[in-house]
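Here the numbering used here is used: position 25 in the sequence shown is 29, and no number is missing along the way. For every residue, glycine included, the Cβ atom is placed at its ideal position computed from N, Cα and C. This one's a predicted model, so the numbers in the text were calculated from it and none came from an experiment. For reference, the structure discussed in these notes is given below.
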Amino acid sequence: VQLQASGGGSVQAGGSLRLSCIATGSFYSIKRMGWYRQAPGKQRELVATVTRGGLTNIADSVKGRFTISRLDADDTVRLQMNNLNSEDTGVYYCHAQGELLSNRREFWGQGTLVTVSS
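Spelled out as structure tokens, the structure:
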């Protein structure tokens with residue numbers, strides 16, 4: 005599975021960005037997709053994930069500001085980020101959990117940088 009992300013960039017505090025990620029090129033059935041992020045000097049952390057059935061898991065730090073959605077038809081996930089603040093700065097990684105004949109595997113995109121200036 006290849007994960008291609010787009011939509012990162014720089015924005016002022018209070019602004020918005022939207023990240024997109026599409027999964028292509030595999031026989032794996034994509035069960036869950038989402039985003040993780042890593043701020044400078046910190047560990048990678050969950051931002052939000054969504055299952056094929058639409059169940060979401062969203063970090064408390066972004067609840068009410070970020071919305072995750074998924075288009076199953078083409079294995080695309082989108083993260084709408086509103087009211088951004090400096091704590092949201094980091095590299096955002098697209099993540100997918102795939103399954104093939106009961107074998108599960110995780111896939112990661114290369115990361116896209118989000119910079120929020122105050």
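When DSSP states are grouped into helix, strand and coil, residue 52 belongs to the strand group. From the listed residues 103, 34 and 48, the smallest Cα separation to residue 77 is found for 34. In this structure, the alpha-carbon of residue 97 lies about 17 Å from that of residue 60. In the three-state DSSP reduction, residue 14 falls in the strand class (E or B). Taking a C-beta distance under 8 Å as the contact criterion, residue 21 and residue 88 qualify as a contact pair.
The continuous stretches of beta strand (DSSP E) do not include residue 47, and DSSP gives it neither H nor E.
In this structure, the straight-line span from the alpha carbon of residue 30 to that of residue 100 is close to 12 Å. As a beta-bridge residue in DSSP terms, residue 102 pairs with 34 and 109. Taking C-alpha positions only, residue 51 is separated from residue 10 by approximately 16 Å.
Annotation for residue 61: the continuous beta strand (DSSP E) segment containing it runs 60-62. If the five residues before and after residue 121 are omitted, its C-beta is found closer than 8 Å to the C-beta atoms of 14, 15, 16, 17 and 90, all from its own chain and listed in chain order. Rounded to the nearest whole angstrom, the C-alpha separation of residue 56 and residue 36 is 6 Å.
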